[in-house]
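Novice:
Protein chains: 2
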Amino acid sequence: MVAHRATGVVPRLKSAARREDILNHASRLFLSYGIAGTSTRMIANAVGISQPSLYAHFATKEALTNALSARAFASLEDLIAKIRSADIPAATRLEAMIRGYIRFALDQGAAYRIAFMLEGPMHEDEAFNPDILPGMQAFAGFRDGLALLQQEGHLREGSTDHLAQSLWASTHGLCALLLARPDFPWGEIEAMIDFHVEIILAAYQNKA
Amino acid sequence: MVAHRATGVVPRLKSAARREDILNHASRLFLSYGIAGTSTRMIANAVGISQPSLYAHFATKEALTNALSARAFASLEDLIAKIRSADIPAATRLEAMIRGYIRFALDQGAAYRIAFMLEGPMHEDEAFNPDILPGMQAFAGFRDGLALLQQEGHLREGSTDHLAQSLWASTHGLCALLLARPDFPWGEIEAMIDFHVEIILAAYQNKA
DNA sequence: CTACTAACCTATCAGTGATAGGATGACGCA
DNA sequence: TGCGTCATCCTATCACTGATAGGTTAGTAG
Chain A
1 MVAHRATGVV PRLKSAARRE DILNHASRLF LSYGIAGTST RMIANAVGIS
51 QPSLYAHFAT KEALTNALSA RAFASLEDLI AKIRSADIPA ATRLEAMIRG
101 YIRFALDQGA AYRIAFMLEG PMHEDEAFNP DILPGMQAFA GFRDGLALLQ
151 QEGHLREGST DHLAQSLWAS THGLCALLLA RPDFPWGEIE AMIDFHVEII
201 LAAYQNKA
Chain B
1001 MVAHRATGVV PRLKSAARRE DILNHASRLF LSYGIAGTST RMIANAVGIS
1051 QPSLYAHFAT KEALTNALSA RAFASLEDLI AKIRSADIPA ATRLEAMIRG
1101 YIRFALDQGA AYRIAFMLEG PMHEDEAFNP DILPGMQAFA GFRDGLALLQ
1151 QEGHLREGST DHLAQSLWAS THGLCALLLA RPDFPWGEIE AMIDFHVEII
1201 LAAYQNKA
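Which chain is which? The protein sequence lines are A and B, in order.
Residue numbering for the first sequence follows my numbering, starting at 1 and increasing by one per position.
Residue numbering for the second sequence follows my numbering, starting at 1001 and increasing by one per position.
#1: Counting only beta-carbon separations shorter than 7 Å, does E119/A have a partner in chain B?
#2: Can you tell me the Cα-Cα spacing of E124/A and P1182/B, whole angstroms?
#3: Determine the chain B residues that contact H57/A at a beta-carbon separation under 7 Å, and present them in chain order.
#4: Could you tell me the alpha carbon to alpha carbon distance between R99/A and G1109/B, rounded to whole angstroms?
#5: E1157/B lies in the alpha helix (DSSP H); which residues open and close that run?
#6: Could you give the residue range of the alpha helix (DSSP H) that holds P89/A?
#7: Measure from the C-beta of P39/A to each C-beta in chain B and report whether the shortest distance is under 7 Å.
#8: By how many angstroms is the C-alpha of Q1151/B removed from the C-alpha of E126/A?
#9: Check the Cβ-Cβ distances between I193/A and every residue of chain B, and say whether any is below 7 Å.
#10: Give the secondary structure of Q205/A by DSSP, where H, G and I count as helix, E and B as strand, and everything else as coil.
#11: Is it buried or exposed for A202/A, if we count other Cβ within 10 angstroms and need 16 for buried?
#12: Just the C-alpha distance for H1025/B and H162/A, rounded to the nearest angstrom, thanks.
#13: What residues from the region 100 to 117 of chain A come within 8 Å of chain B, judged by C-beta to C-beta, listed N to C?
#14: Rounded C-beta distance between A176/A and G1173/B? I'm assuming under 8 Å.
#15: If we count the other Cβ atoms within 10 Å of its Cβ and call it buried at 16 or more, is S1166/B buried or exposed?
#16: Checking contacts by CB at 7 Å: is I1199/B closer than that to chain A?
#17: So what's A1036/B in DSSP terms, helix, strand or just coil?
#18: Indicate the three-state DSSP secondary structure (helix, strand or coil) for I1193/B in the structure shown.
#19: Please go through the same chain and pick out, in chain order, the residues whose beta-carbon is closer than 6 Å to the beta-carbon of R1019/B, but skip the five residues on each side of it.
#20: Taking contact to mean 3 or more Cβ pairs, one atom from each stretch, closer than 8 Å, check whether the region 1077 to 1092 of chain B and the region 1138 to 1147 of chain B are in contact.
#21: Assuming L76/A and S27/A make a contact with CB atoms under 8 Å, what is their CB distance in whole Å?
Okay, structure coming up:
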């Protein structure tokens, strides 16, 4: 763990490269030990720099976690955009989006947690945290995709906002529980996901 | 905040009473400052005892939060049991359970978070945490209620376990998002809840 | 060769959860 | 009444956390 520093082998890096380096190590540590269970010293040690050096790149530990979340959600946004414009039948596009979302949440557990499962602001009138924006943008893409499906008649009628939020909630619920309670007796997880997706599709899709 | 200690007014209490006292203050503080944002010293100060004295009642801070969760979930279990045996038409019992669940989650936000939203064990093979059991028992009651409804023909067919977990996920999803992201532009929250409940009922209820 | 700047360091801070070991007060029993 | 016993509660302290202050070093432009 101290290999780098002991041998003084760590090269000085341009700020941007070092920043990516930090994010990569932090991401790996968060997955192993959780966010609260990973200290800034652990991250710095893994990178091979001193703990205060982290603060040249991120103002706080929270900023670091938010940056990590932002990076991951940029890829979710890509994923959703790709599915929206993909050459697949509109009828199966909703399923692709839902399955893509679930896969992303389980794969990028740490990032997903940061964006949607951490303790939020305590008072509703608090300032909106702009670092959370990437998650919100991904959701906006999701919503727009639904709006399009609705226009094409593949989504049930009703307020698109309500539908998007409700569908989001139903999908998020499974992701959140699987991430928060992996020790729950879920049975076969893939089967559970299939079951849930099927019910969601039946509930939100237009079967006309 | 230091009123008690400064005046030496705090009486010695029998262990059980002091324990309840601690839980009550901790619950209030958790709601205001979050779990991570509430230190053991804040709790001790509010109660009017020294910080180490907490450890006579709870082995760790986590044990305290778990106890708080357990206490709250006992009341959720009561609520569900009450609804199950209540003199209401079987057709509306599902809706009552879902709405009761949502109301509980939003009212007892801190307890709900502890049971279902905190960082769980990192490795699936880790020992099952018995302090989480109350939440699991409440879920078991929920599941049994669904099994009964299914027998009576008010729930769609299929694996009761899958149905319970899926319905749980859908309901939990909304609760979790509302708790984690109160700053999201939800619009009118009550309307959102109504909308979601309606969709859930249509998806899981047997309309025969 | 010098001056500047970004990268990086050591030393230290207040605050955290948790532990060790001593003081105090109530209650049962002689 | 006096004496032990034991639960309650304390002060002092631990290792560790996130964060800050201020000095050092390496690369680079002139």
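C-beta: ideal position from N, C-alpha, C; glycine also.
Source: prediction; values computed, not measured.
Specialist: According to the structure data:
#1: yes
#2: With a pLDDT of only 44 at E124/A, under 50, the local geometry of the prediction cannot be trusted, and no value is derived from it.
#3: Neighbours of H57/A on chain B: none; closest Cβ ~23 Å, over 7 Å.
#4: 29 Å
#5: Segment: none, E1157/B is in no alpha helix (DSSP H) and carries neither H nor E.
#6: First-last for P89/A: undefined, no H or E at that position.
#7: Just to set this straight, residue 39/A is Ser in the shown sequence, not Pro. Closer than 7 Å: no.
#8: Residue placement at E126/A is poorly supported in this model, since its pLDDT is 47, which falls under 50; the coordinates still yield a value, given next. For E126/A and Q1151/B, the distance between alpha carbons rounds to 47 Å.
#9: no
#10: strand
#11: exposed
#12: 37 Å
#13: R113, F116 and M117
#14: Between A176/A and G1173/B the beta-carbon gap is near 7 Å, inside 8 Å, which marks them as a contact.
#15: buried
#16: yes
#17: Here A1036/B sits in coil by DSSP.
#18: helix
#19: H1057
#20: They touch, by the three-pair rule.
#21: That pair is no contact at about 15 Å.
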